[in-house]
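**Student:** Quick one: this structure, given as structure tokens, is what I'll be asking you about.
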Amino acid sequence: MERFRGILICTTNRLKDLDDASIRRFNQKIGFDQLLPQGNVIFYEKLIGDITNLPIDNKTRSALKSLKGLTPGDFKTVRDRFSFHPREELNHQILVDALKE
């Protein structure tokens with residue numbers, strides 16, 4: 005790594021398993037934790053809220069805020085899973101339930 009002349013980007017979801025010597029070799033470290041409740045709402049609105057033809061109501065926002073441990077990848081997974089379903093067959097409860105899985 006020390007002799008590499010380009011830009012090296014490495015990722016892991018097991019940062020705690022790396023020893024201190026390996027971590028010191030990286031000049032910059034960026035961490036992404038699980039989303040906060042309001043982050044759930046923001047990612048839902050940006051990534052999957054428009055999959056249905058329905059406006060996002062307060063009940064849906066409350067349900068999203070109650071979900072724990074979600075990451076941006078969870079929203080992408082649900083978006084990809086339902087993006088080809090007919091919009092009239094989907095509602096926000098179906099999408100929120102999919103995020104719970």
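Numbering-wise, the sequence shown is residues 5 to 105 according to the working numbering. For glycine and all other residues, C-beta sits at the position ideal for the given N, C-alpha and C.
1) Going by the CB atoms, is the gap between I60 and L94 shorter than 8 Å?
2) Verify whether the separation of the beta carbon atoms of I52 and L12 is less than 8 Å.
3) Assess, as a yes-or-no matter, whether the segment 21-31 is touched by the segment 60-80 under the definition of 3 or more beta carbon pairs within less than 8 Å.
4) By Cβ distance, which residues of its chain are closer than 7 Å to N57, with the 5 residues on each side in sequence left out?
5) Take H89 and list the residues in its own chain whose beta-carbon comes closer than 8 Å to its own, dropping the five residues that flank it on each side.
**Tutor:** Once the coordinates are examined:
1) Taking 8 Å as the cut-off, the beta carbon of L94 is found no closer than this to the beta carbon of I60.
2) Not closer than 8 Å, so no.
3) In short, these stretches do not touch, since the Cβ pair count stays below three.
4) These residues qualify, in order along the chain: R91 and E92.
5) Hits under 8 Å: I55.
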